[in-house]
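> Quick one: the structure is below, and I'll ask about it shortly.
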Amino acid sequence: MIDKSSSSMMEVLSKIKDGSTIMIGGFGTAGQPAELIDGLIELGVKDLIIVNNNAGNGDYGLATLLKTGAVRKIICSFPRQSDSYIFDELYRDGKIELELVPQGNLACRIQAAGMGLGPIYTPTGFGTLLAEGKPTLHYEGKDFVLENPIKADFALIKAYQGDRWGNLIYRKSARNFGPIMAMAADVTIAQVSEVVELGALDPEHIITPGIFVQHVVQVQPAQ
């Protein structure tokens, strides 16, 4: 019987080792798997490469992980905002490496990995510092720059409901990067508000099929 659900978050997270590349879902705090991140901090792994849209907000979730010094490098599209003071301090002190990726390129590079594609050509970034040293192509009157797929050892994502097969549905904007990150990681760990019985999810509403998910952990929302 296939059962990807687990009652022990730490047992699932213990598969993550030092030096792992981890995709973390979320657009700011929307859809951020905060409880999985807290578990990752408790696990104490280090030398991590994190892929996320942002570089943390305030002292919450991803920002807290950065503050521990566990992250060697972050790949993101929007590292600086009014409350990104933890990342700012680390970056200015040379304690974290940043790979800045335009948001559309970030999504496309993750999708390319999830679809099993090789490098992709994109017009975004051509002629800028982001394109330095990268192959380019002139095609149908436009200039493009070559970008590599982004693949991860693990993806930590947040969904609304899941079943024991790993099928997931999301709640509104919390969906964001979760579906494509699940496709681009060797191991996807999804925290959900509720694990439902097989057949309870409308097949037409399932966004992430269970084939892309290895572990489902039910997390009760904070009171």
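Residue numbering for the sequence shown is -7 to 215, as defined by my numbering. We put the beta carbon where it would ideally sit given N, CA and C, even for glycine. Note that the coordinates shown come from a computational prediction; the quantities given were computed from them, not determined experimentally.
1. I'd like the list of long-range same chain contacts for V187, defined as Cβ closer than 8 Å, with 5 residues on each side in sequence excluded.
2. Going by Cα to Cα distance, which pick from P94, F79 and V93 is closest to K87?
3. Going by the DSSP bridge assignment, what does S74 pair with across the sheet?
4. Report yes if the C-beta distance between A217 and I14 is below 8 Å; otherwise report no.
5. Less than 8 Å separating the beta-carbons of I216 and P25?
6. Could you pull the start and end residues of the beta strand (DSSP E) that K134 belongs to?
7. Along the chain, where does the beta strand (DSSP E) containing D145 start, and where does it finish?
8. Can you tell me whether DSSP reads A192 as helix, strand or coil?
9. Where do the N-terminal and C-terminal ends of the beta strand (DSSP E) with I88 fall, by residue?
10. Roughly how many angstroms separate the alpha carbons of M2 and Q73, rounded to a whole number?
11. Is it the case that the CB of Q210 approaches a heavy atom of the ligand GDP more closely than 7 Å?
12. Give me the DSSP bridge partner(s) of F79.
13. Does the Cβ of R101 have 16 or more other Cβ atoms within 10 Å, making it buried, or fewer, making it exposed?
14. CB-CB under 6 Å to A62, same chain, minus the five flanking residues each way: which ones, in chain order?
15. Pull up the CB-CB distance for S111 and L138, whole angstroms please, since I reckon it's below 8 Å.
16. Taking the alpha-carbon of I203 as reference, which of P171, L5, K65 and A166 has the nearest alpha-carbon?
17. Any beta carbon from chain C within less than 8 Å of I8's own beta carbon?
18. Which of helix, strand or coil does DSSP assign to D178?
19. Do I161 and A105 have their CB atoms nearer than 8 Å?
20. Which same chain residues end up closer than 7 Å to Y83 when comparing Cβ atoms and leaving out the 5 residues on each side of it in sequence?
So, to answer that:
1. S(-3), Q153, G154, D155, R156, V208 and Q210
2. F79
3. None, per the DSSP bridge assignment.
4. The requested residue 217 is not part of the displayed model; the chain covers only -7 to 215.
5. In the structure as shown, the chain starts at -7 and stops at 215, and residue 216 therefore has no counterpart that could be examined.
6. K134 to E139
7. A144 to D155
8. coil
9. It is not in any beta strand (DSSP E) - I88 carries neither H nor E in the DSSP assignment.
10. 31 Å
11. Ligands are entirely absent from the displayed structure, and the ligand GDP is therefore not among its contents.
12. Paired residues: none, contrary to the question.
13. buried
14. K38 and L40
15. Inspection of the sequence shows that residue 111 is occupied by Pro rather than by Ser. At roughly 5 Å, the Cβ-Cβ gap stays under 8 Å, so P111 and L138 are in contact.
16. P171
17. Within the model displayed, chain C is absent; a lone protein chain is all it includes.
18. strand
19. no
20. L90
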